[in-house]
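Visitor:
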Amino acid sequence: MELAEKLINALKSRISRKNWEMWFGTFNVESVTDTLITFSVGNLFIKDWIDQKYAKHFKEAIRELTGKDVPYTIKDEMVEEVSRERDVKKERLIRKRPVVLSRFNKEYTFESFVVGLFNEEAYEGALEIAKTPGKMNPFFLYGGVGLGKTHLLNSIGNYILENSPDTHVMYVTAEKFMNDLVMAIKSGTTGEFRKNFRDKIDVLMIDDVQFLIGKNGIQSELFHTLNHFIDSCKQIILCSDRTPAQLTEFQPRLVSRFQMGLMVKVNDPDTETEKRIVKAFARKSGIELTDEMIRQIVEYADNIRTIKGIMTKISFKNSKNGVDDSTITKTISEVVGTSISPLMVKDKNVEKELLFQALSTVFDVKPAELDARLRTARLSSARQVGMFFARKYMGKTFAEIGEWFGRDHSSVVYACKKVNDSMKKGNTIIKRQITHLQELLHLQSGASVS
Ligand code: ADP
Ligand code: MG
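Oh and the sequence shown: position 371 is 374 in my numbering, straight run, nothing missing.
1) Please report how far the alpha carbon of M296 lies from the alpha carbon of T274, in whole angstroms.
2) Give every residue of the same chain whose Cβ lies closer than 6 Å to the Cβ of W407, excluding the five residues on either side of it in the sequence, and list them in chain order.
3) Is S115 near ligand 1, with its Cβ less than 7 Å from a heavy atom?
4) Quick one: what does DSSP say Q213 is sitting in, helix, strand or coil?
5) Within 10 Å of its beta-carbon, does C236 have 16 or more other beta-carbons around it, so buried, or fewer, so exposed?
6) Give the range of the beta strand (DSSP E) segment to which I331 is assigned.
7) Which residues neighbour ligand 3 when neighbourhood means a C-beta less than 7 Å away from any of its non-hydrogen atoms? List them by chain order.
8) Taking only runs that begin and end inside the region 396 to 425, name each unbroken beta strand (DSSP E) of 3 or more residues, in chain order.
9) Is K282 a contact residue of ligand 1, with contact defined as CB to any heavy atom under 7 Å?
10) Can you tell which of I40, G217, F30 and E67 has its C-alpha closest to the C-alpha of D51?
11) Along the alpha helix (DSSP H) that carries V301, what are the first and last residues, could you check?
12) Is there at least one non-hydrogen atom of ligand 1 closer than 7 Å to the beta-carbon of K311?
13) Taking 7 Å as the cut-off, is the beta-carbon of R286 closer than that to any non-hydrogen atom of ligand 1?
14) Any idea what DSSP makes of S243, helix, strand or coil?
15) Using 8 Å as the threshold, is the C-beta distance between L292 and L257 below it?
16) Apart from the five residues just before and just after R381, which ones in its own chain have a Cβ nearer than 8 Å to its Cβ?
17) Excluding five sequence neighbours on each side, which residues of the same chain lie with their C-beta closer than 6 Å to the C-beta of A418?
18) Please identify the residue among E63, V281, Y111 and I239 whose C-alpha is closest to the C-alpha of K153.
19) Check whether chain C comes within 8 Å of V35, counting only Cβ atoms and requiring the distance to be less than that.
20) Report the CB separation of H3 from D205 in whole angstroms; it is logged as a contact under 8 Å.
21) Which one of A371, K134, G264 and T176 has the shortest CA to CA distance from S167?
22) R308: beta carbon under 7 Å from a heavy atom of ligand 1?
23) In terms of residues, what are the limits of the alpha helix (DSSP H) holding E442?
24) Below 8 Å on the Cβ atoms is my guess for F261 versus F143; work out the distance and round it to an integer in Å.
25) Nearest to S425 by alpha carbon, out of G409, I404, S384 and H412?
26) Looking at C-alpha atoms only, which residue of K320, N157, Y145 and Y303 is the closest neighbour of V339?
27) Report buried or exposed for G194, applying the criterion of at least 16 other Cβ atoms within 10 angstroms of its Cβ.
28) Can you round the beta-carbon distance between R17 and H60 to whole angstroms, since I take them to be within the 8 Å contact cut?
29) Using 8 Å for Cβ pairs, my map puts Y174 next to M139. What's the rounded Cβ distance?
30) Is DSSP giving N31 helix, strand or coil here?
31) Going by DSSP, which residues form a beta bridge with L144?
32) Based on Cα-Cα distance, which residue from K320, G160 and M4 lies nearest to L130?
33) So, helix, strand or coil for M139, using DSSP?
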């Protein structure tokens, strides 16, 4: 990892996520030398704020990483441009909260996006939008976590910046959209907020709109913003982890607007494409991996983000001392958060039996009932948790799990997703069941369920 990236991480770890999203959206490290570190942010307003509030954090982070008190400076980018036009504007900018056009992740481009059957439609839709913004409105992209939605949004942004730099593109998370609106309301500048969002932007992307579930006031603002974009044939792009119809507690008028344009789903990737993604990353970072290593990485990562996480860590280790089998196994364990040498038995039937035994203890059911047709609430939970466990902690494929439990592929996928979602929502009962299973199967080795 470069020092710049480490610096960003060190700062990020000192600042709350909310504040980070609110203030550091345009933040970047411009240059690092022994005598001066230069950062940049979108405008003077943000620069002043960051200067005031976070000086201590900057100093600490710099000292932590360089071992010295290297001086730093923060540049604001937009004001330079504006002040060239008219000096008076500068003052206005300081007082009002001006629009911040986005800085896109340079790594997230159409070129670096690996296309397979599962995401082809999303890729093509996004590319089409990037080429002719305003054509299909709104563009609604949805699909599970870590499957490349944000990557595609950034690709659109990068593409437009490169090919039609006069087009103003803006990326915000729904959370930031909300925070900005709340700030505007507090400071009595909603008129300005609307102007910024509606008049100054040609392509607006709002990521993770599911964040606005139940937030009625903000939804109204979004509704009007959406209408404005559609009416003036400017592009609006929305991302969500679920379909519009599944956005419960969303205003129906908003949901129907979402459904009016182009809706595209990013599906779960197939193993072959996952392998291609691993290979692409390895090539880029100059890491050599055997087929077996690739297979293992793909098996344990449950989405592309996890694959990237594993690969980033491996490439970091690679630059230090090369990779071997144990580096891979260790890294996977670190990233996935569990011990990955589950059950040192290769005989699949024994693995199945051990799992079923453990499930029968935890859920108080008979092992033989688990792969039978009988359906009771307790059996269903045992099966679902068992399937998830087999996938996540025993590295089984959906097909293998289907065979074990006598269920078809889609039921297994559904079960795994359902349990995964509950875990994410912090369901403590399921967490306890899983920890219990880990103990019974001796998978503990210090890693607990996160
Ligand atoms: P989402 O927004 O859907 O949760 P992201 O766009 O943040 O997911 O993707 C997670 C990580 O996986 C990112 O690092 C992204 O670059 C990478 N990624 C996702 N899909 C692909 C793909 N098809 N090709 C290459 N990298 C991908
Ligand atoms: Mg995302």
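Don't be surprised by glycine CBs; every beta carbon is placed ideally from N, CA and C.
All values reported here derive from a predicted model rather than from experimental measurement.
Guide: Judging by the given coordinates:
1) 14 Å
2) The residues are K355.
3) yes
4) helix
5) Note on C236: under 16 other CB atoms within 10 angstroms of its CB, so exposed under the neighbour-count rule.
6) Segment D328 to V339 is the alpha helix (DSSP H) holding I331; no beta strand (DSSP E) there.
7) What this structure holds is ligand 1 and ligand 2, not ligand 3.
8) none
9) Because no heavy atom of ligand 1 lies under 7 Å away, the Cβ of K282 does not count as near it: no.
10) A check of alpha carbon separations from D51 across I40, G217, F30 and E67 identifies F30 as the nearest.
11) Following the DSSP letters along the chain, one finds V301 inside the alpha helix (DSSP H) bounded by residues D294 to Y303.
12) yes
13) Annotation for R286 indicates a beta carbon at 7 Å or more from all heavy atoms of ligand 1.
14) It is a strand residue.
15) No; because the gap between Cβ atoms is not below 8 Å, this pair is not in contact.
16) F366, D367 and V368
17) Closer than 6 Å at Cβ, skipping near neighbours: Q387 and M390.
18) The sequence given here has Thr at residue 153, not Lys. Of the candidates E63, V281, Y111 and I239, the one whose C-alpha sits nearest the C-alpha of T153 is Y111.
19) No chain C is part of this structure, which consists of one protein chain only.
20) Residue 3 cannot be examined here, being either before or after the span of the chain that is shown, 4 to 453.
21) K134
22) With a threshold of 7 Å, the Cβ atom of R308 counts as near ligand 1, since some heavy atom of the ligand is closer than that.
23) T431 to L443
24) 5 Å
25) Ranking the options by Cα distance to S425, first place goes to S384.
26) Y303
27) exposed
28) 4 Å
29) About 18 Å separates the two Cβ atoms, so there is no contact after all.
30) strand
31) C242 and V267
32) G160
33) coil
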